[in-house]
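J.:
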Amino acid sequence: MTDVWLWLPILALVGAGLTAMVLTLTVDWRITFAALALQYIFAAILLNQAVAWQVAAVEAIVGILVVIILTLTGRQSNFGRTASSPVVQLPGQLARIGPIEFQTNLPFRLVAILLAAVITWFMVVVGDYAVPGLPLALNLAGVWLIILGLFGLGFTDEPMNAGSALLTVITGFEMIYAPLEPSLLVVALLAVVNFAVALAASYLALLRFAERELAE
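The structure is reproduced here in structure tokens:
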């Protein structure tokens, strides 16, 4: 059991990193929502190293509620698909690998992930930009999520995918800032921001879906 607790932060770090990569690569809402839910859980596990478990639990609960909001919106809008189109409607063409949909700029996104990894490593490990007093795993995960989230925002103008990218940025910020200011007020404000982004992304996604349905 002791070995499990020792390895848990490492597994959570790897999990958070992989979920951010999935969010950067795929445009399929169903996969995006699953990755986002796992990302919140991994973030809560990592936060538990530096804050009270109650704060980490709030992070996980808020994340699950955010994903529920997005999933309900996805069900109402057929997960971004119209009746006449079986794939998500996005600018540019889509590539399909098995049941998973990617944009055709997939190689560019892979290069962006590699660049994000290099930037994260140099900022946290090589450079002197890590936040003092934070565990290395929190520093790495926080910077990694922020960078990939910003890249994700630059890759799409589709509301749901852009909202997921912005939520990733906020999660990365929480992982760095929450241990420094673990007050209930800060936790509540960050929760409000998460809900606001989820509701805004849901509203814009439904609006775009309705416009496409009317156009057809």
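Here the sequence shown is numbered in the numbering used here, starting from 1 and rising by one per residue. Ideal Cβ placement from N, Cα and C applies to all residues, glycine included.
Would the segment 146 to 160 count as touching the segment 16 to 27 if we require 3 or more Cβ pairs under 8 angstroms?
T.: Enough Cβ pairs lie closer than 8 angstroms, so yes.
J.: Could you give the first and the last residue of the continuous alpha helix (DSSP H) run that contains M160?
T.: If you number the sequence shown from 1, residue 160 lands on position 160. Looking at the DSSP string, the run of the alpha helix (DSSP H) that includes M160 is P159 to Y177.
J.: Which of the three DSSP states, helix, strand or coil, is assigned to L90?
T.: For this step, residue 90 is matched to residue 90 along the sequence shown. Only weak support is given to the placement of L90: the predicted model assigns it a pLDDT of 47, under 50, and the question is left unresolved by the model.
J.: Mind checking which residues open and close the alpha helix (DSSP H) that includes Q49?
T.: Here residue 49 refers to the residue found at position 49 when the sequence shown is read from its first residue. Neither: Q49 is in no alpha helix (DSSP H) and is coded neither H nor E.
J.: Are A165 and T73 closer than 9 angstroms when you measure CB to CB?
T.: The sequence position of residue 165 within the sequence shown is 165, counting from 1. The sequence position of residue 73 within the sequence shown is 73, counting from 1. No, these two residues do not count as a Cβ contact at 9 angstroms.
J.: Is the shortest distance between the beta-carbon of E211 and the beta-carbons of chain B less than 9 angstroms?
T.: Absent from the structure is chain B; it holds one protein chain and no more.
J.: Does the segment 37 to 51 come close enough to the segment 7 to 15 to have 3 or more Cβ pairs within less than 8 angstroms?
T.: Yes, the segment 37 to 51 is in contact with the segment 7 to 15.
J.: Quick one: residues in its chain with C-beta nearer than 7 angstroms to the C-beta of L140, no 5 flanking neighbours on either side, listed in chain order?
T.: Reading the sequence shown from its first residue, position 140 is the one you call residue 140. If we look at L140 and ignore the five residues flanking it on each side, its Cβ neighbours are L13, T120 and V124.
J.: Closer than 6 angstroms by C-beta to Q76: which residues in its own chain qualify, once you throw out the five before and the five after it? Chain order, please.
T.: For the purposes of this step, residue 76 is identified with residue 76 of the sequence shown, where counting begins at 1. Around Q76: no qualifying Cβ.
J.: Considering only C-alpha positions, which residue in the set T32, G154 and V58 is nearest to A178?
T.: Against the sequence shown, residue 178 aligns to sequence position 178. Measuring from the Cα of A178, the nearest candidate turns out to be V58.
J.: For the alpha helix (DSSP H) that G133 lies in, which residues bound it at each end?
T.: As a first step, residue 133 is located in the sequence shown; it is residue number 133 there, counting from the start. Per DSSP, G133 belongs to no alpha helix (DSSP H) and is neither H nor E.
J.: Would you kindly work out how many angstroms separate the C-alpha atoms of V67 and D128, rounded to a whole number?
T.: Within the sequence shown, residue 67 is the residue found at index 67, counting from 1. Within the sequence shown, residue 128 is the residue found at index 128, counting from 1. C-alpha separation (whole angstroms): 35 angstroms.
J.: Output the distance between the C-alpha atoms of V131 and L214, rounded to the nearest integer angstrom.
T.: Walking along the sequence shown from the start, residue 131 turns up at place 131. Walking along the sequence shown from the start, residue 214 turns up at place 214. Roughly 50 angstroms between the two C-alpha positions.
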